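Going down the list, the sequences are from chains A and B.
Under this note's numbering, the first residue of the first sequence carries the number 1, and numbering increases by one thereafter.
Under this note's numbering, the first residue of the second sequence carries the number 1001, and numbering increases by one thereafter.
Protein chains: 2
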Amino acid sequence: MNFPSQADIKEAHRRIQPFIHNTPILSSEAINKIAGAELFFKCENFQKVGAFKARGAANAVSKLTDEFKKNGVATHSSGNHAAALARAAKVAGIPSYIVMPSNAPEIKKKAVKGYGGEIIECEPNLIARETTLQEVVEKTGATFIHPYDNRDVVEGQATCALEMWEAGIDFDTIMTPVGGGGLLGGTALATHYISPKTKVIAGEPEGADDAYRSFQAKELIPMKSPNTIADGLLTSLGKINFEIILEHVDDILTVSDEEIVEAMRLIYERMKIVIEPSCAVPLAALLKNKERFAGQKVGIILSGGNVDLAKLPFK
Amino acid sequence: MNFPSQADIKEAHRRIQPFIHNTPILSSEAINKIAGAELFFKCENFQKVGAFKARGAANAVSKLTDEFKKNGVATHSSGNHAAALARAAKVAGIPSYIVMPSNAPEIKKKAVKGYGGEIIECEPNLIARETTLQEVVEKTGATFIHPYDNRDVVEGQATCALEMWEAGIDFDTIMTPVGGGGLLGGTALATHYISPKTKVIAGEPEGADDAYRSFQAKELIPMKSPNTIADGLLTSLGKINFEIILEHVDDILTVSDEEIVEAMRLIYERMKIVIEPSCAVPLAALLKNKERFAGQKVGIILSGGNVDLAKLPFK
Chain A
1 MNFPSQADIK EAHRRIQPFI HNTPILSSEA INKIAGAELF FKCENFQKVG
51 AFKARGAANA VSKLTDEFKK NGVATHSSGN HAAALARAAK VAGIPSYIVM
101 PSNAPEIKKK AVKGYGGEII ECEPNLIARE TTLQEVVEKT GATFIHPYDN
151 RDVVEGQATC ALEMWEAGID FDTIMTPVGG GGLLGGTALA THYISPKTKV
201 IAGEPEGADD AYRSFQAKEL IPMKSPNTIA DGLLTSLGKI NFEIILEHVD
251 DILTVSDEEI VEAMRLIYER MKIVIEPSCA VPLAALLKNK ERFAGQKVGI
301 ILSGGNVDLA KLPFK
Chain B
1001 MNFPSQADIK EAHRRIQPFI HNTPILSSEA INKIAGAELF FKCENFQKVG
1051 AFKARGAANA VSKLTDEFKK NGVATHSSGN HAAALARAAK VAGIPSYIVM
1101 PSNAPEIKKK AVKGYGGEII ECEPNLIARE TTLQEVVEKT GATFIHPYDN
1151 RDVVEGQATC ALEMWEAGID FDTIMTPVGG GGLLGGTALA THYISPKTKV
1201 IAGEPEGADD AYRSFQAKEL IPMKSPNTIA DGLLTSLGKI NFEIILEHVD
1251 DILTVSDEEI VEAMRLIYER MKIVIEPSCA VPLAALLKNK ERFAGQKVGI
1301 ILSGGNVDLA KLPFK
C-alpha cells in the first residue's frame, strides 16, 4: 500500500474539521509525579460520539464521490465505529447500514439509531457478521467502510496526532492503545512525518496481544479468543495497519487487566474525567515501564469515553 | 456584616491566583438540546484538591498576619474543606490541625495527611467536633477557619464567579448548589456587582432543604436530620451567608435524590467528566423547571469531583 502522505493527512484534517472537535490536551501534576515524566493526555473521550473513531469515519464518508454517496455506507461493528459511521453518514445526508451482533449492548444500538443509522442484526460471530454485511452491500449498493483496515480511516485517525503536534509540545514519545491498529497506524505516520526522532509506542492488553506477537514475529498472527476488560481492543490487527506499524512503530508493551484498572482509576481520581478501559492501556504500560520514560515528555491519546456506568470496575 | 466588596473579591483573586486553577468552562450540545437552554459549566471538579473549596481556604490562609500564621490553622470537616485547608497551610508553610469524625472515609483522611495536615479524631457528632476543635485551638493557638461561615472564605469562593464573568459570557442566570452557602453567597455577591440583572439561583436536595426553608421564612432554620445522596450539602446554612443570600439570591429550587442521580448521569455520559453528586443538583433543578430557563444562557458551577468510585449511584 502507498501510505497516506503528510499532505494527505493535512488535507484530511481540513476536510473533517467542520465535523469534529479539536479536543483539549490535559495534564495532571499528581500523575506526572507518580509517573516521573511529563504526560500530555489528548482527550478523544471528549470527541464527537465520544471516541477518535469520529475522525476516520468522517474522512472516509467525505471522500466518497457523489456516485458512491447516494447508495450510502455500511459496516459491521458493535462499538464506537458503528456510531461514528452513522453520524458521519447523517452529517453527509446519506443512508448508513450497520450490521450489529444481536447481543450488542442496548446503549450502542440506541446511539446508532439516534444518528439515523439502520441496524441489521446478526448472530454474534465473525462469519455471520461478514456474511450479513455482504448481503447488505449487495442489496443496497452501499460502500463498506471497514472500522480500521481502510486507508481513508487510517488517514482520518492520523489527524489526532496532527493536532497534538500543532499544540507545539516537543514530545519524546507518543503512546496509543492498539486494537485493529487504525489509531496507532495513523499516529505513527503523522509522527514519522513531523518528528521522526519521536518514539511511537503502543499499549496492548495481555488478553488480546496479537499486535505484540505479530510485531515480534514480523508476521500477522490473528487473535483467537481475546479476553480483556478493554472491550475496544478485542479486534485483531488490520493488514494495512500492520504494514505501517512494522515500519514506523518503535515498540508494543503489554499490560494485565489489573494494571489497566489501576491506571483507569488514576485517571478518574486525579483527572476527574470519564474514559473507557481501553483508554487506560497506554498509561498502564508507561507506569509498568517507568524507567524507560523517566523525565520524558509523553503524549498519550485517551481514545474514548463510552463506558457502561453501571459496570465500572472500581471496588 | 459588611459584605466583601467588588474590589475585595478582585484582590482575593490576585492573592490566590498562584495557588489555584482558572478552571475551564465546558458546554455540551447534547445537554443544551435536552435543557432547551445554553449551559456553561464552570468545572471546579478540575480545581486543586478537586473542589472550589481550594479558593476560600487559600484566601483565608493568605490573609493571616505572620503573627497568626506561625501557630497554624484549624478546622473541623470531613469533606473537601479539610483537604483544602491542609493544602493551603502546606503552601504557606504553616501547620494545620483538622478535626475529623472517627467514621470519616479513609480516602479523605489520606488526602489531609498527604498535604501534611495533622488529623485529630473525634466522635461523629457536631458537639464532639466543636468541643475537640475548641481544645485544639486552645492548645495550639491555631486560627479556626470555618468551612463556610467566614468572611474570607466567602470572599475566596466569590472568585469562581469572577472568573466566569471574565470569560465574557452574558449569563442570564448563574446557578450553584447550596450547603453551608459559601459558594452561593460568594457567587451572588460577585454577580450582583458585575451584572445586577443576572439572576442567581441555587439548587438544593429535598433531604437537606434548610436553605430553601430559611429563604422562604426569611429566618435561619437549621437542618435537623439531613438525608441525601449529595453528601457535600448536608451542612446547615451559615449566618454570614444567609445575610448575603436574603439580599442577593433570586430563588432556591429543591430536587429529589432521583433527580440528582439522573442529572449526574447526564454529565458523566454526555460530558465524560467525573463529578460528585452535590455538583449535579443545579442541573437537576434546571431540568425540573425547564420552562423557566428556556433559551437562556445559564452558568452552572460544578462544585467538585471527589467521589467514591466504588459507590457511584448508577444502575
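Using N, Cα and C, we set each Cβ at its ideal position, and we do this for glycine too.
These numbers were taken from a predicted model, which means no experiment stands behind them.
Q: Taking only the alpha-carbon atoms, compute the straight-line gap between E262/A and A284/A and give it to the nearest angstrom.
A: 7 Å
Q: Taking D1251/B as part of the beta strand (DSSP E), name the residues at either end of that continuous run.
A: D1251 to V1255
Q. Among the residues of its own chain, which have a CB less than 6 Å from the CB of G116/A, if the five just before and after it don't count?
A. K90
(Q) Less than 8 Å between the beta carbons of V298/A and D170/A, yes or no? (A) no
Q: Please go through the same chain and pick out, in chain order, the residues whose beta-carbon is closer than 8 Å to the beta-carbon of G180/A, but skip the five residues on each side of it.
A: P147, Y148, D149, T235, S236, L237, G238 and N241
(Q) Once DSSP output is grouped into helix, strand and coil, what is the label at I1197/B? (A) A small fix is needed here, since residue 1197/B is Lys in this sequence, not Ile. Coil.
Q) When you compare each of A202/A, H21/A, T23/A and L39/A to A294/A by their alpha carbons, which one comes out closest? A) L39/A
Q: Compare the beta carbon distance of K1048/B and I1020/B with 8 Å and say whether it is the shorter of the two.
A: yes
Q. Ends of the alpha helix (DSSP H) at V1091/B?
A. N1080 to A1092
Q) Skipping 5 residues on each side, what residues in its chain have a beta carbon closer than 7 Å to that of R213/A? A) I221
Q) From Y1268/B, K1069/B and F1052/B, pick the residue whose C-alpha is nearest to that of P1095/B; which is it? A) K1069/B
Q.
Buried or exposed, going by whether 16 or more other CB atoms sit within 10 Å of the CB of E157/A?
A. Here residue 157/A turns out to be Gln, not Glu, going by the sequence shown. Its Cβ being crowded by 16 or more others within 10 Å, Q157/A is buried.
Q.
Could you pull the DSSP bridge partners for I1098/B from this structure?
A. T1075/B and I1119/B
(Q) By the three-class DSSP mapping on this structure, what secondary structure does A1263/B have? (A) helix
Q: Let me know the secondary structure DSSP gives M164/A once reduced to three states.
A: helix
**Q.** Spatial neighbours of H992/B in its chain, beta-carbon cut-off 8 Å, leaving aside the 5 residues before and after
**A.** No answer is possible for residue 992/B: it lies beyond the span of chain B, which begins at 1001 and ends at 1315.
Q: Determine the extent of the alpha helix (DSSP H) in which P1222/B is found, giving its start and end residues.
A: Element bounds for P1222/B: n/a, residue is neither H nor E.
Q: Determine the direct distance from the alpha carbon of E166/A to that of E118/A, and round the result to whole angstroms.
A: 37 Å
**Q.** Alpha-carbon to alpha-carbon, I174/A and I301/A
**A.** 8 Å
Q: With 8 Å as the threshold, decide whether the Cβ of G1116/B is near any Cβ in chain A.
A: no
**Q.** Start-to-end residues for the alpha helix (DSSP H) that takes in L283/A
**A.** V281 to K288
**Q.** Within chain A, partners of A1310/B - CB distance below 8 Å
**A.** F314 and K315
Q: Please state whether DSSP places E960/B in a helix, a strand or coil.
A: The structure shown does not extend to residue 960/B, since chain B is modelled only from 1001 through 1315, so no value can be given for it.
Q. In terms of alpha-carbon separation, which member of P1282/B, P1105/B, Y1268/B and K1113/B lies closest to Y1097/B?
A. K1113/B
Q) Using a C-beta cutoff of 8 Å, does G168/A count as contacting chain B? A) no
Q) Where does E44/A land, buried or exposed, given buried means 16+ other C-beta within 10 angstroms? A) buried
(Q) Can you look up V1230/B in the DSSP assignment and give me helix, strand or coil? (A) It should be noted that the sequence gives Ala, not Val, for residue 1230/B. DSSP places A1230/B in coil when its eight states are reduced to three.
Q. Taking the alpha-carbon positions, what's the A1230/B to V1178/B distance?
A. 10 Å
Q. Taking the Cβ atom as the reference point for each residue, do G1050/B and N1306/B lie within a distance shorter than 8 Å?
A. yes
Q: Report the neighbours of F40/A on chain B: residues whose CB is nearer than 8 Å to its CB, in chain order.
A: None at all; the shortest Cβ gap to chain B is about 16 Å.
Q) What number of angstroms, rounded off, separates the C-alpha of L266/A from the C-alpha of C1279/B? A) 21 Å
Q) Out of A1035/B, V1137/B and R1055/B, which has the shortest C-alpha to C-alpha gap to H1076/B? A) V1137/B
(Q) In whole angstroms, give me the CA-to-CA distance for E106/A and E1258/B. (A) 22 Å
Q. Between the beta-carbon of E1291/B and the beta-carbon of T1254/B, is there less than 8 Å?
A. no
Q: Give the DSSP bridge partners of G1203/B, in chain order.
A: P1177/B and L1253/B
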